[in-house]
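Everything on this sheet refers to the single structure shown next.
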Amino acid sequence: MTDKKVVTRFAPSPTGHLHIGGVRSALFNYLWARKHGGEFLLRIEDTDKERSKKEFEDSILESFKWLGLSYDAMYRQSENTEVYKKYLEQLIADDKAYISKEEPKEPGDRDSVIRFRNPNKVVTFDDKIMGTISIDTTDLGDFVIAKDFETPVFHFANVVDDFEMGITLVMRGQEHAPNTPRQILIWEAFGWELPEYAHIPLILAPDKTKLSKRHGALDTREYRNLGYLPEAITNFMALIGWNPGTEQEIFSLTELIEQFDLARVQKSAGVFNIEKLDWMNREYIKLLGPDATQSAMLMYIPNIIRNLTGYSNEMTARIAPIIMERISKWSDITTLAEAGELTYYFEQPVYEKDALFFAKTKLTTDTKYTELIAIIEGLKMRLEALENTDWNTESIKKSIWDYTESVGRGDALWPMRYALSGKDKSPDPFILSEVLGKEETLKRLDIAIQKLQN
RNA sequence: GGCCCCAUCGUCUAAUGGUUAGGACAACGGGUUUUCAAUCCGUUAACCGGAGUUCGACUCUCCGUGGGGUCACCA
314 MTDKKVVTRF
324 APSPTGHLHI
334 GGVRSALFNY
344 LWARKHGGEF
354 LLRIEDTDKE
364 RSKKEFEDSI
374 LESFKWLGLS
384 YDAMYRQSEN
394 TEVYKKYLEQ
404 LIADDKAYIS
414 KEEPKEPGDR
424 DSVIRFRNPN
434 KVVTFDDKIM
444 GTISIDTTDL
454 GDFVIAKDFE
464 TPVFHFANVV
474 DDFEMGITLV
484 MRGQEHAPNT
494 PRQILIWEAF
504 GWELPEYAHI
514 PLILAPDKTK
524 LSKRHGALDT
534 REYRNLGYLP
544 EAITNFMALI
554 GWNPGTEQEI
564 FSLTELIEQF
574 DLARVQKSAG
584 VFNIEKLDWM
594 NREYIKLLGP
604 DATQSAMLMY
614 IPNIIRNLTG
624 YSNEMTARIA
634 PIIMERISKW
644 SDITTLAEAG
654 ELTYYFEQPV
664 YEKDALFFAK
674 TKLTTDTKYT
684 ELIAIIEGLK
694 MRLEALENTD
704 WNTESIKKSI
714 WDYTESVGRG
724 DALWPMRYAL
734 SGKDKSPDPF
744 ILSEVLGKEE
754 TLKRLDIAIQ
764 KLQN
C-alpha cells in the first residue's frame, strides 16, 4: 500500500451527539490524513433506522464545524442500500453467506436473516498501535450480516463502505479491536485487499472506568457552551494517547498535523483530566485579543448583573481584562458573577464600616475612626487633583503612592480598595479606580467617610 | 465466565539495557504584594509483584495480580 493515497474516515452513528471520545478518534483520523496529503471522510452510519436521528447527525456536523475538522466528503449509509444489496447477493451467490430461518428471540427479531458462513479460523492482523493480534473466530458462529437485503448490519455495511471508499487505514477506538476479526472475515470472503488497522486507546473517566454520562459533559457541544475554545479541545484531546516526544504541550491544529505520528500513539487507556483541559484552555484564552475577550464577556455575563440599575455594556467591556485574569473558560464569567464577584463594578457595594480597617492596622484603637477618615480624606484630596484625562492605573498609583507609604500602605490601600469593592478579595484599588472612573471613585470614598462618621 | 488488550508520580506522559527516572496539570511552600487573581521560584510525588535473561533491567521473557474492552437481528 506504500504508494497508495491515504484515506481515513470517521464513522459515527447518529444515535447521539458527538461524544468527546469520538472527537479524538475523528481528530486522529483527520490528522493522519492531512499529514499525508490524503483524504479524511465522514460517514454517517445510520443503518439502525430506529435509533438514528437527523437531529443527532446535525449535531455531529455542527461539532465538526466548531472544532475546525474539515472533511473531504460525507456519506450516509442509508443512501447506499443498493450497494449493500449487490454485495449481499454476491456473497450468497458465492455461498459465503446464506438466508437463514430464525426463531425470533426478542421483540423486533425477524424470522429470517442473512448470515455469514464462518470459516471458523484464527484471524491474525497487524495493528499499527496494538501490534499483532490473533483471535479465534470460531465461537462467533455464523454471525448475522443483514436483517434482509435492504437492512445490512454494522459489520457488513462497515466493511463494504470501507472498501468502496478506498479506506487505507481503519482507525477507531480500542473497543472495536475484538470485532475486527469478523470484519476481516468479510473482507476475505470478497477477496479484497485488507486496509491497515489502528485501534487507539480508550479514554477513561477519573475513576478509571469508561467515560459515561454520569461523569459529566460528554456531548462536544456542552464544551462549547461551557466556553472552551475548540483549539484547546483539539490540543488537549490529541495529548491523551499521543505525545510528540518533546516537551511541547501547546499545539495548533497545523502543528498537530505536522507532528502527529501513529508510531507514538499510546497502547494504554488515558484518563480525561478536566483540570489540565482548564489550564490549557486558559493558555489559549491568554492568546486572544481584546475584541474576542470583550465579546465573550458580553455573551457570558448573566442577567443578575445585566438587571442591575447601574449596568452598562461599556463597563462590562472595560472590566474584561481584569476578569480574563481569573477564569479558565468563558462560563467562569457567569460563575464569578453569580458568586457576587462582579456586582461592585456596577453599583455601590454594601458593607460594614469596620471592614474598612486593615487587618494589621497601626491605627490607635480609641481614635481609629477619625484617623481613618483623615487617611481617606488624604487619598481623596490627591485623587481630586488628578486630571480626568490622566485617570489611569499608573497615574493613580503614582499620585497616592508616597502618601500611602507615609501613613502605612495597608492602612490606606486596604480601606480604599474596600470602599470601592466592598469585598475582602478584589483587584487592587488602582485598577478599580480606573475602571470605576474618577467621579465614582471619589463618590465611593465619600460614602466610606460617611459610614465612618456614624 | 471465554477471548483480546493494557500496566512509570493523583492525572497526561518522557525513557527504546547503563539517567540523581525528565516534563506538564494538580497539590503544597515561598518571592512579589493592601486582599484576591496573575506572575516568578521551589517542594512533595512513580517504575504493580515475583521469577528469569544479562556484567547491568522501567526497558527483554514467563507467571501472578490489578485494570479495561468485547462477546446482539447496536454501532
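Anchor point for the first sequence: position 193 equals 506 in this note's numbering, and the numbering is continuous, going up by one each time. Even for Gly, the Cβ is constructed at its ideal location relative to N, Cα and C. Computed from a prediction, not measured in an experiment: that's the story for all the values here.
Buried/exposed call for residue i, threshold 16 Cβ in 10 Å
i, result
"Asn471", "buried"
"Phe639", "Per the sequence shown, residue 639 should be read as Arg rather than Phe. Counting Cβ neighbours within 10 Å, Arg639 comes out exposed, since fewer than 16 surround it."
"Tyr397", "buried"
"Glu697", "exposed"
"Thr451", "exposed"
"Gln403", "exposed"
"Thr683", "exposed"
"Asp439", "exposed"
"Met387", "exposed"
"Leu600", "exposed"
"Met314", "Here Met314 scores only 46 on pLDDT, less than 50, and its place in the model should not be relied on; the value that follows carries that caveat. Counting Cβ neighbours within 10 Å, Met314 comes out exposed, since fewer than 16 surround it."
"Ile617", "exposed"
"Glu560", "exposed"
"Ile603", "The question names Ile, but residue 603 is Pro in the sequence shown. It counts as exposed."
"Met610", "buried"
"Glu752", "exposed"
"Ala652", "exposed"
"Pro420", "exposed"
"Glu506", "exposed"
"Arg347", "buried"
"Asp474", "buried"
Cross-strand partners of residue i (DSSP beta bridge)
i, result
"Pro519", "Note: Pro519 sits in no beta bridge, so no partner."
"Asp532", "His332"
"Glu385", "As written in the sequence, residue 385 is Asp, which differs from the Glu given in the question. Its beta-bridge partners do not exist; DSSP assigns none."
"Phe438", "Ile446"
"Trp500", "Answer is none; Trp500 lacks a bridge partner."
"Gly783", "No information on residue 783 is available, as it lies outside the stretch 314 to 767 that the chain covers here."
"Ser413", "Val426"
"Trp555", "Val578"
"Val473", "None, per the DSSP bridge assignment."
Three-way DSSP call (helix, strand, coil) for residue i in this model
i, result
"Met314", "Residue placement at Met314 cannot be trusted, given a pLDDT of 46 that sits under 50; what the coordinates show is reported in the next sentence. Three-state result, Met314: coil."
"Gly444", "strand"
"Ile646", "helix"
"Thr464", "strand"
"Leu354", "strand"
"Gln423", "Per the sequence presented here, residue 423 reads as Arg, with Gln not at that position. Note: Arg423 maps to coil in three-state DSSP."
"Glu509", "strand"
"Leu600", "coil"
"Arg485", "strand"
"Val663", "coil"
"Thr321", "strand"
"Trp704", "coil"
"Arg364", "coil"
"Arg808", "Any property of residue 808 remains undetermined from this structure, which presents the chain solely from 314 to 767."
"Ala406", "helix"
"Ala732", "helix"
"Ile458", "strand"
"Lys673", "coil"
Distance, residue j Cα to residue i Cα
i, j, result
"Gly381", "Phe549", "14 Å"
"Thr717", "Tyr613", "37 Å"
"Arg428", "Ala459", "7 Å"
"Leu758", "Gly554", "56 Å"
"Pro514", "Pro465", "28 Å"
"Asp645", "Leu354", "36 Å"
"Ser425", "Asp461", "8 Å"
"Thr547", "Thr533", "11 Å"
"Ala582", "Pro491", "16 Å"
"Gly454", "Asn433", "7 Å"
"Leu621", "Val748", "17 Å"
"Trp592", "Ala339", "23 Å"
"Asp741", "Arg537", "32 Å"
"Ile516", "Glu416", "39 Å"
"Leu755", "Ala518", "52 Å"
"Phe689", "Leu649", "Inspection of the sequence shows that residue 689 is occupied by Ile rather than by Phe. Whole-angstrom Cα-Cα distance: 29 Å."
"Arg356", "Arg337", "16 Å"
"Ile709", "Trp727", "15 Å"
"Asn626", "Tyr658", "12 Å"
"Ser391", "Gly335", "21 Å"
Whether or not the region 385-397 and the region 406-426 are in contact is what I'm after, with contact meaning three or more pairs of Cβ atoms, one per stretch, closer than 8 Å; do they touch? no
Is it a yes or a no for the region 318-332 touching the region 472-488, going by three-plus beta-carbon pairs under 8 Å? Counting Cβ pairs under 8 Å, three or more are found: they touch.
Stretch pair the region 676-683 + the region 729-740: three plus CB contacts closer than 8 Å: no
Count the C-beta pairs between the region 323-343 and the region 373-391 that are closer than 8 Å, then say yes if the count reaches three, no if not. yes
So does the region 581-596 actually touch the region 618-635, counting three or more Cβ pairs closer than 8 Å? Contact fails: fewer than three Cβ-Cβ distances are below 8 Å.
Segment contact flag, the region 361-369 with the region 556-570, C-beta cutoff 8 Å, min 3 pairs: no
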